[in-house]
Amino acid sequence: ALQSHQSDSHPCPLIVGVVLPRAKTTPEPLRFPTIITRAIIKGRRPWIPGGETMAFFNGGSRALVEILTRFQSAERPMPVDHTFFEFGSVRYHVQASASDPENVYLSISTPSLSHEASPSTGLPEFTLQEATKMYHKFAEVVEPSKEGYALTLKLNFSGLARPKDRARAVRQVSLLQSVILGSQLKHLLGSLGSSGATKLVYNHRDPFFVSRTPGKISAIFPMRFRDDTDLAVATSFFQELQDAGSSYARAPRCSWSAIPPPELRGEPVHHLTTNGGFVSFDIFERHVKRKRAAKTAWILLNFQAYVKYHIKCTRNYIQSRMRKRQETLAEVILNARLRGGDEKKKLQGNFTRKLLLSTQTEFRKAVDTITSLILICYEKEIAGCD
């Protein structure tokens, strides 16, 4: 959910409406390979892309693009003081004054990637250097940052004369969170020893491990699910992901196992307690070269969120198909009742209307009973797939 508010101390006449595209929440039945082949790195495309059947998991903030674009296209200078939130506990603040419309202050607060559950209050020096290198043509890092935020950038697009260049700069600014997380993950990967695993925390509820072996780096995700139905759907998804991913030579090799992989030997038991097994991706040097490092980091950090989204879509699809099937069966039963009651239809007056109302009530009760039986049978069948 996207929330926004305007500061009372800085009234803002600029009303920015951000409309995100509605993702289709009903993927086609039992076509996991079709979906997953679109979710594998092929060429320069990210291996968990946005699309018709995918949520928006790209690294750029579409809300930020909308705000900055509308601010630049305004006919006259106006003050802006806008705060909004995005998925992943990310908070943005955009501020500009009418007296100095060329300078826009952008602040961001995002969870830091750490070895353990001890996120720092500020960003490390190498992350600030990466941000400076990325945005040096039209932005500078403000120190200290705005209170309550990890980083503040002073944006000035006046040096970009062509609208095409300004649009490109706005898109680069929208990637600020992925740049921050990408630099942190790249630094952590570089600081790993020649062997062994390191636990990384981005989302405190879903930590994951990174292990370095000669020639590759493995990202290992312990998967945990509260519901047995979610577990059954996820198990099928992981198996299909493993099979489909092996058909792409340039894609990170994916593997799924119900037991901890060898790289996690020696880790504490409570870190390895899981009911959904372990999903591993083998990351090679070509996956973290140049601009691909930020994309790879963003994809890895949002993999668990992507899995949960896929499970919700699958469950929604199954439920919609069950409702449609229920309506079909109900229609058949209703037609049979109506055909068998031709003699009763000949009755006239209030008695006929009362009889029809009574029949409808009995029919609804029968449909509710059938629905509950279908749901019970379905849950037992799903539980038996484990």
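The working numbering applies: residue 4 is where the sequence shown begins, and numbers increase by one.
C-beta atoms are modelled at their ideal positions from N, C-alpha and C, and glycine is treated no differently.
Just so it is clear, the structure is predicted and the values come from calculations on it, not from any experiment.
Residues sharing a beta bridge with residue i, DSSP
| i | result |
| --- | --- |
| residue 259 | 282 |
| residue 95 | 87, 111 |
| residue 200 | 214 |
| residue 374 | None; residue 374 has no bridge partner. |
| residue 106 | 159 |
| residue 148 | Partner(s): none; residue 148 has no beta bridge. |
| residue 100 | 103 |
| residue 117 | 204 |
Residue i versus the options, residue with shortest Cα-Cα distance
| i | options | result |
| --- | --- | --- |
| residue 221 | 259, 233, 184, 228 | 259 |
| residue 277 | 268, 188, 99, 227 | 227 |
| residue 237 | 214, 299, 309 | 309 |
| residue 108 | 137, 371, 141 | 141 |
| residue 302 | 173, 181, 144 | 181 |
| residue 290 | 369, 234, 188, 163 | 188 |
| residue 330 | 288, 319, 367, 85 | 367 |
| residue 306 | 230, 225, 326, 231 | 225 |
| residue 105 | 131, 274, 74 | 74 |
| residue 212 | 128, 282, 371 | 282 |
| residue 96 | 127, 268, 167, 157 | 157 |
DSSP-derived helix/strand/coil call for residue i
| i | result |
| --- | --- |
| residue 85 | strand |
| residue 143 | strand |
| residue 166 | helix |
| residue 38 | Low per-residue confidence applies at residue 38: pLDDT is 33, beneath 50, and the placement is therefore not dependable, though the value from the model is reported in the following sentence. Three-state DSSP puts residue 38 in a helix. |
| residue 265 | helix |
| residue 181 | helix |
| residue 324 | helix |
| residue 312 | helix |
| residue 318 | helix |
| residue 79 | coil |
| residue 130 | helix |
| residue 276 | coil |
| residue 367 | helix |
Residue range of the alpha helix (DSSP H) that includes residue i
| i | result |
| --- | --- |
| residue 219 | It is not in any alpha helix (DSSP H) - residue 219 instead sits in the beta strand (DSSP E) that spans 219 to 225. |
| residue 231 | 231 to 248 |
| residue 288 | Unbroken run through residue 288: none, as it is neither H nor E. |
| residue 270 | Unbroken run through residue 270: none, as it is neither H nor E. |
| residue 126 | Where residue 126 is concerned, there is no enclosing alpha helix (DSSP H), given that its DSSP letter is neither H nor E. |
| residue 69 | 65 to 75 |
Residue i, enclosing beta strand (DSSP E) - first and last residue
| i | result |
| --- | --- |
| residue 298 | Premise fails: residue 298 lies in the alpha helix (DSSP H), 295 to 304, not in any beta strand (DSSP E). |
| residue 155 | 154 to 159 |
Distance between beta carbons of residue j and residue i, contact taken as under 8 Å
| i | j | result |
| --- | --- | --- |
| residue 390 | residue 253 | Residue 390 is absent from the structure shown; the chain starts at 4 and stops at 389. |
| residue 87 | residue 66 | 6 Å |
| residue 191 | residue 203 | 7 Å |
| residue 111 | residue 154 | 5 Å |
| residue 341 | residue 373 | With 8 Å as the limit, residue 341 and residue 373 do not qualify as a contact, their Cβ atoms being about 18 Å apart. |
| residue 71 | residue 173 | 5 Å |
| residue 240 | residue 313 | 6 Å |
| residue 318 | residue 232 | 7 Å |
| residue 144 | residue 131 | 6 Å |
| residue 138 | residue 175 | 7 Å |
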